[in-house]
Amino acid sequence: MALVTALMAMLMMLALGAGVAMTTLTESTIAANHRDGLQALYAAEAGIDLAVSRLRSSTDWQALVTGGTVTLIDGPLAALLQGATVDSRVMVTVTVSPDPNGDDDVLALQSSAIVAGGLRRTVQVSIRKRPATSEIETLSWR
Amino acid sequence: MKRRAGFTMVETLIATMISVSVVSAILAVVGPAQAVVRAQGEAADLHQRLRAAADVIAGDLRAAGAVRPYRVGTLRDDALAGVYYRPDTITTLGETSRTYYLKPETSELMQYDGAVSDFPTVEHVVALAFEYFGADGAGRALVRIDPGILIDGPWSEDASHRLVDADAERIREVRISIRLEATAPSLRRLVPDEEATFDVALRNRAPADPEAEPR
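Residue numbers (the numbering used here), protein chains in the order written: chain A, 262 to 403; chain B, 47 to 261.
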């Protein structure tokens with residue numbers, strides 16, 4: 262009798278414990294996914310900023326994209342941002358395309374980042390070079 | 047009288063009493079543990095709803111071309127009623143318009159597309175507030191925009207003939223405060239309300255362009 266009661270009690274507690282462990286595991290998986298998604302989004306935005314800073318020193322945008330879409334940046338974000346404390350498994354690819362509307366001073370950038378968990382986020386930006394000041398203006402960011 | 051094998055009445059009674067006290071002690075431990083198990087799931091759900099709310103608002107704000115601190119739309123437009131500021135309402139304008147606001151009577155975070163669809167996005171939202179930040183006079187640091195100057199004019203009219211206070215053009219960053227409660231009232235003692243405050247910079251407005259900066 263005592264054995265049966267003890268066994269039943271053990272089983273009950275075990276089932277409850279397993280239930281709590283399960284929800285906790287699910288919760289931490291969801292949280293990790295959310296963190297990865299944000300990490301990928303910010304890494305993709307960093308890729309755009311990096312590409313814009315490289316384009317700033319480029320004098321002839323049209324020569325850059327004569328062959329259509331060009332990959333400007335490709336590699337781990339940690340290597341691109343030298344010495345920064347960034348997860349070395351975050352990969353960023355930035356491509357540059359000519360403006361779909363044919364404006365010579367406008368470029369379309371697309372940055373994709375993949376994090377360790379395999380999640381990917383993509384940011385598309387179009388930028389314009391202002392000939393007078395040679396400054397770069399952001400036209401759209403999404 | 048021949049004594050037969052078995053328990054006496056007294057032995058049985060004592061054994062039953064001991065068993066009952068042991069079982070009730072076990073149940074007393076398991077009962078609250080069950081509530082904790084339910085609360086765990088509830089807490090996970092609360093966090094998930096908070097993440098969903100933050101993601102959906104932040105996503106639209108990041109891509110927004112402009113924001114309005116009131117409801118914009120053909121069916122329900124606050125501007126038509128002369129309302130140009132609501133602390134718990136924001137409209138993002140981009141390729142489409144999206145309005146987020148709190149429906150207090152049902153505690154729902156609503157998403158209105160400016161035309162026909164006006165549906166609850168996240169439930170059991172008890173508080174929602176937006177604050178606005180813009181460049182200061184020098185065009186460098188971000189300062190909080192006093193809601194008072196968002197309703198005092200001067201007014202400008204956009205392509206869709208919506209009136210907007212010219213100071214709304216200064217908005218570069220939005221601070222969102224959102225507070226959610228557990229769905230089951232009985233579990234609110236174990237799962238306290240969760241509150242999040244986060245800032246989103248409007249990517250299409252920043253970085254501030256010194257020439258386009260309003261005076």
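No residue lacks a Cβ here, since even glycine has one placed at the ideal position from N, Cα and C. Computed from a prediction, not measured in an experiment: that's the story for all the values here.
- Have a look at A:T284 and B:D123 and give me their C-alpha separation to the nearest angstrom. As the crow flies, the alpha-carbon of A:T284 is around 43 Å from that of B:D123.
- Message: So B:S70 contacts chain A; which residues on that side make the cut at Cβ distance below 8 Å?
- Response: Going along chain A, no residue has its Cβ under 8 Å from B:S70, so there is no contact; the nearest lies around 11 Å.
- Query: Does the stretch 324-338 of chain A touch the stretch 50-61 of chain B, meaning 3 or more C-beta pairs lie closer than 8 Å?
  - Reply: Counting Cβ pairs under 8 Å, fewer than three are found: no touch.
- Message: For B:D198 and B:R216, I'd like the C-alpha separation in whole angstroms.
- Response: Going by the C-alpha atoms only, they are around 14 Å apart.
- Task: Would you list the residues sitting across from B:V20 in a DSSP beta bridge?
- Result: Lying outside 47 to 261, the shown extent of chain B, residue 20 of chain B is not represented and no answer is given.
- Message: I need the DSSP call for A:E398, collapsed to helix, strand or coil.
- Response: DSSP, reduced to helix, strand and coil, places A:E398 within a strand of the structure shown.
- Message: Just checking: is the beta-carbon of B:H93 within a distance shorter than 8 Å of some beta-carbon in chain A?
- Response: Residue contact with chain A for B:H93: present (Cβ-Cβ distance below 8 Å to some residue of chain A).
- Task: Could you tell me whether any Cβ in chain B is nearer than 8 Å to the Cβ of A:S401?
- Result: Judged by the 8 Å Cβ criterion, A:S401 is in contact with chain B.
- Query: Buried or exposed: which applies to B:L126, given that a residue is buried once 16 or more other Cβ atoms fall within 10 Å of its Cβ?
  - Reply: Flag for B:L126 reads exposed.
- Query: Which class does A:T266 belong to by DSSP, given the choice of helix, strand or coil?
  - Reply: DSSP places A:T266 in helix when its eight states are reduced to three.
- Query: A:A270 versus chain B: which residues are under 7 Å apart at the beta carbon?
  - Reply: Ordered by position in chain B, the residues that pass the 7 Å Cβ test against A:A270 are I72.
- Query: Is the beta carbon of B:R117 sitting closer than 8 Å to the one on B:T135?
  - Reply: The answer is yes: Cβ separation under 8 Å.
- Task: Taking the CB atoms as reference points, tell me whether A:Q300 and A:D365 lie closer together than 8 Å.
- Result: Cβ atoms of A:Q300 and A:D365: not closer than 8 Å.
- Query: Is any beta-carbon of chain B found at less than 8 Å from that of A:M273?
  - Reply: At least one CB of chain B lies nearer than 8 Å to the CB of A:M273.
- Task: Would you list, in chain order, the members of the stretch 79-90 of chain B that have their beta-carbon closer than 8 Å to a beta-carbon of chain A?
- Result: Answer in chain order: A79, Q80, V82, V83, Q86, G87, A89, A90.
- Message: With distance defined between alpha-carbon atoms, name the residue in B:R144, B:A81, B:R218 nearest to B:S232.
- Response: For B:S232, the closest alpha carbon among the candidates B:R144, B:A81, B:R218 is that of B:A81.
- Query: Do you know how far the Cα of A:A304 is from the Cα of A:V353?
  - Reply: The straight-line gap from Cα to Cα measures roughly 7 Å.
- Report the rounded CA-to-CA distance for A:S289 versus A:D348, giving the unit in angstroms. CA-to-CA, the gap between A:S289 and A:D348 works out to about 20 Å.
- Proximal chain C residues relative to A:V265, where beta-carbon distance stays under 9 Å: No chain C appears in this structure, whose protein chains are A and B.
- Which runs of the beta strand (DSSP E) spanning at least 3 residues fall entirely within the stretch 148-222 of chain B, listed in chain order? Secondary structure remark: continuous beta strand (DSSP E) runs of at least 3 residues inside the stretch 148-222 of chain B, in chain order: 154-158, 164-169, 171-181, 188-190, 201-203, 209-211.
- Query: Taking the alpha carbon of B:Y131 as the point to measure from, which residue in B:L196, B:T152, B:P238, B:F244 has its own alpha carbon closest?
  - Reply: Ranking the options by Cα distance to B:Y131, first place goes to B:L196.
- Query: Could you give the distance in angstroms between the alpha-carbon of A:L333 and the alpha-carbon of A:S387?
  - Reply: A:L333 and A:S387 have their C-alpha atoms some 15 Å from each other.
- Can you tell me whether DSSP reads A:S318 as helix, strand or coil? A:S318 sits in coil when the DSSP states are folded into three classes, being neither helix nor strand.
- Residue interval of the alpha helix (DSSP H) (run including B:Q94): Residue range 55-109 is occupied by the alpha helix (DSSP H) that includes B:Q94.
- Message: Given this structure, state the Cα-to-Cα distance separating A:L370 from B:G180, to the nearest angstrom.
- Response: Taking the straight line joining both Cα atoms gives about 27 Å.
- Item | Supposed contact pair A:G329 and A:S358 - C-beta distance, whole angstroms, cut 8 Å | The Cβ separation is near 7 Å, so the contact holds.
- Message: Assuming contact is defined by CB atoms lying nearer than 8 Å, are A:S372 and A:V384 in contact in what I supplied?
- Response: The answer is yes: Cβ separation under 8 Å.
- Query: Straight-line CA distance for B:T86 to B:L236?
  - Reply: Here the sequence assigns Gln to residue 86 of chain B, which means Thr is not the residue at that position. In a straight line, the C-alpha of B:Q86 is about 9 Å away from that of B:L236.
- Message: Quick check: is the beta carbon of A:G308 nearer than 8 Å to any beta carbon in chain B?
- Response: Not a single C-beta of chain B is nearer than 8 Å to the C-beta of A:G308.
- Task: Return the residue from the list B:D101, B:G105, B:V210, B:F176 that minimises the CA-CA distance to B:P200.
- Result: Check the Cα spacing between B:P200 and each of B:D101, B:G105, B:V210, B:F176: the tightest is with B:V210.
- Could you tell me whether the Cβ atoms of B:A25 and B:A100 are closer together than 8 Å? No answer is possible for residue 25 of chain B: the residues shown for chain B start at 47 and end at 261.
- Message: With a threshold of 8 Å between beta carbons, is B:R249 in contact with chain A?
- Response: At a cut-off of 8 Å between beta carbons, B:R249 contacts chain A.
- Would a C-beta distance cut-off of 8 Å place A:A312 and A:V355 closer than the cut-off? It is a contact, given that the beta carbons lie within the stated cut-off.
- Query: Is A:L325 closer than 8 Å to A:I397 when the C-beta atoms are compared?
  - Reply: Cβ atoms of A:I397 and A:L325: not closer than 8 Å.
- Task: Use the C-beta contact count for A:V351: other C-beta atoms within 10 angstroms, 16 or more gives buried, fewer gives exposed.
- Result: With a 10 Å radius around the Cβ and a threshold of 16 neighbouring Cβ atoms, A:V351 comes out buried.
- Query: A:V281 touches chain B at which residues, Cβ-Cβ below 8 Å?
  - Reply: Listed along chain B, the residues sitting closer than 8 Å to A:V281 by beta-carbon distance are V82, V83, Q86.
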